[in-house]
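A short write-up of the structure that comes next.
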Amino acid sequence: MTEVVVHGSRFFNEDCIGGCRRHIADTSVDLIVTDPPYGIAGDTLHKHYNRDEDFVIDGYVEVPADAYGEFSHRWLREAARILKPNGQLYVVSGYTHLYHVLGALRAAGLQEVNHIIWKYNFGVFTRTKYVSSHYHILLYEKPGSGKRAFNLEARYGLQEQDGEGGSLNYQDREDVWIINRDYKPGQVKNKNELPVALLVKMIQYSSHPGDWVCDPFMGGFSTARVALGLGRNFVGFEISQAAFDRGVKALGAITPGDLLDTLPTPEPQALANQGKPWDAAEIAAFLERYAALRAAGVTKKDAFATLSGEFGRGRWAFERILKRYGGVSRQ
Ligand SMILES: C[S@@+](CC[C@H](N)C(=O)[O-])C[C@H]1O[C@@H](n2cnc3c(N)ncnc32)[C@H](O)[C@@H]1O
17 MTEVVVHGSR FFNEDCIGGC RRHIADTSVD LIVTDPPYGI AGDTLHKHYN
67 RDEDFVIDGY VEVPADAYGE FSHRWLREAA RILKPNGQLY VVSGYTHLYH
117 VLGALRAAGL QEVNHIIWKY NFGVFTRTKY VSSHYHILLY EKPGSGKRAF
167 NLEARYGLQE QDGEGGSLNY QDREDVWIIN RDYKPGQVKN KNELPVALLV
217 KMIQYSSHPG DWVCDPFMGG FSTARVALGL GRNFVGFEIS QAAFDRGVKA
267 LGAITPGDLL DTLPTPEPQA LANQGKPWDA AEIAAFLERY AALRAAGVTK
317 KDAFATLSGE FGRGRWAFER ILKRYGGVSR Q
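Residues 17 to 347 in my numbering are what the sequence shown spells out, letter by letter.
Structural data, given as structure tokens:
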């Protein structure tokens with residue numbers, strides 16, 4: 017076992033299941049973001065992606081397919097133990113062992129928040145069936161009496177629109193994510209290294225600066241680098257010595273918080289009238305504007321985004337008014 021501490025964050029070269037038991041206290045982690053081994057002949061997996069073998073680091077430790085169910089139960093029990101109440105966990109999973117992961121999440125007492133589809137480029141080429149070009153990202157929460165972190169306007173303010181008047185905030189929070197893998201010609205990478213943009217999104221929405229983020233399967237240390245870059249603390253495990261040594265070396269280039277300056281600044285706008293009672297004139301004006309937008313072909317979602325700016329109120333307030341005064345609201 018080796019432990020390396022960098023910028024107050026902790027990196028362990030050992031099996032994450034025993035390692036968590038030995039080093040991580042109960043209810044001490046705010047967020048887990050991880051991409052466990054897929055259990056599908058990992059040592060040949062990268063060949064499907066037509067990559068140059070010289071640039072893929074060795075030492076990826078795979079889990080035999082017939083042990084995958086038990087393995088999932090064991091690491092997810094530890095994950096549930098170390099999470100704080102209302103702490104969250106993102107697990108990236110392929111399709112093959114998804115049923116094991118879903119069963120183990122439930123058995124560990126975690127609750128589903130979202131089942132996200134991540135669509136990426138470089139799908140495995142096939143001639144006899146559809147090309148597989150997505151992964152599953154399972155967002156789960158440890159039950160608790162508090163509030164789960166979800167930074168609604170971490171990336172886009174509720175009023176921010178694209179060039180066609182669509183809500184950027186809404187689009188960014190849809191549960192299908194189209195994010196391409198980082199293309200790193202000529203650079204060494206871990207097999208299946210997760211893109212920075214994907215990790216930034218998960219960590220930005222579901223944690224705060226200073227929180228503890230954990231990745232039990234660090235691989236190329238991508239989660240670690242992004243967590244530190246976003247000003248979070250980090251603790252993680254990697255069983256392969258080769259991958260661990262490489263990852264630790266790359267941490268030298270990181271300055272905590274250095275990613276924060278590279279991110280677009282959202283333009284959150286307080287909803288000026290949130291919580292205030294509606295008067296009759298405002299209700300009439302809202303119903304008229306809503307009907308006009310819908311008659312002009314604007315979708316309900318986009319109409320709400322527009323009207324939110326005009327009326328200083330949010331979607332649920334509009335839903336309530338439509339239900340009460342506007343007849344059945346059109347989807
Ligand atoms: C899919 S990769 C993670 C890739 C990583 N997210 C990245 O972006 O580079 C899974 C990693 O888990 C490691 N691993 C496998 N079994 C492990 C265990 N029991 N404890 C810790 N690490 C393990 C593998 O060696 C591999 O590097």
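From the three backbone atoms N, C-alpha and C, an ideal C-beta is built for every residue, glycine too.
Distance from the C-beta of residue 320 to the nearest heavy atom of ligand 1 is not below 7 Å. Beta-carbon to beta-carbon, residue 135 and residue 150 are separated by about 5 Å, close enough to satisfy the 8 Å threshold.
Distances from the CB of residue 109 to the heavy atoms of ligand 1 are all 7 Å or more. Taking residue 75 as the centre and dropping the five residues before and after it, the same chain places the C-beta of 256, 258, 259 closer than 6 Å to its C-beta, in chain order.
Closer than 7 Å to some heavy atom of ligand 1: that describes the Cβ of residue 76. DSSP places residue 265 in the helix class (H, G or I) of the three-state scheme.
In this structure, residue 159 lies away from residue 80, with their beta-carbon atoms at least 8 Å apart. Here the distance from the Cβ of residue 79 to the nearest heavy atom of ligand 1 is below 7 Å. The beta carbons of residue 240 and residue 263 sit about 7 Å from each other, so the pair counts as a contact at 8 Å. In this structure, the CA atom of residue 28 is about 48 Å from the CA atom of residue 324.
Comparing alpha carbon positions, the residue from 235, 236, 242 closest to residue 228 is 242.
Under DSSP, residue 18 takes part in a beta bridge, and its partners are 29. Membership of residue 193 in the beta strand (DSSP E) is indicated by the continuous run 192-194. Cβ-Cβ distances below 7 Å link residue 294 to 337 in the same chain, with the five nearest sequence neighbours on each side left out; the list follows chain order. Residue 50 carries a strand assignment under DSSP once its states are collapsed to helix, strand and coil. In terms of Cα proximity to residue 214, the closest of 30, 49, 19 is 49. An exposed status is given to residue 161, since fewer than 16 other beta-carbon atoms sit within 10 Å of its beta-carbon. Taking a cut-off of 8 Å on C-beta distances, the segment 162-179 does not touch the segment 289-305, as fewer than three cross pairs fall below it.
Residue 137 sits away from residue 208, with the two beta carbons spaced by 8 Å or more.
Taken atom to atom, the span from the alpha-carbon of residue 247 to that of residue 236 is near 19 Å.
Per DSSP, residue 138 is one residue of the beta strand (DSSP E) stretching across 127-140. Not one heavy atom of ligand 1 is found less than 7 Å from the C-beta of residue 36. Around the beta carbon of residue 320, a 10 Å sphere encloses 16 or more other beta carbons of the protein chains shown; the residue is thus reported as buried.
Boundaries of the beta strand (DSSP E) harbouring residue 105: 99-109, taken from the DSSP string. Segment contact: the segment 119-133 against the segment 176-183, fewer than three CB-CB distances shorter than 8 Å; contact not assigned. The beta carbon of residue 33 sits closer than 7 Å to at least one heavy atom of ligand 1. Not one heavy atom of ligand 1 is found less than 7 Å from the C-beta of residue 334. Looking at the DSSP output, residue 45 shares a beta bridge with 99.
In chain order, 104, 106, 129, 130, 132 place their CB closer than 7 Å to the CB of residue 155, counting only its own chain and leaving out the 5 sequence neighbours on each side.
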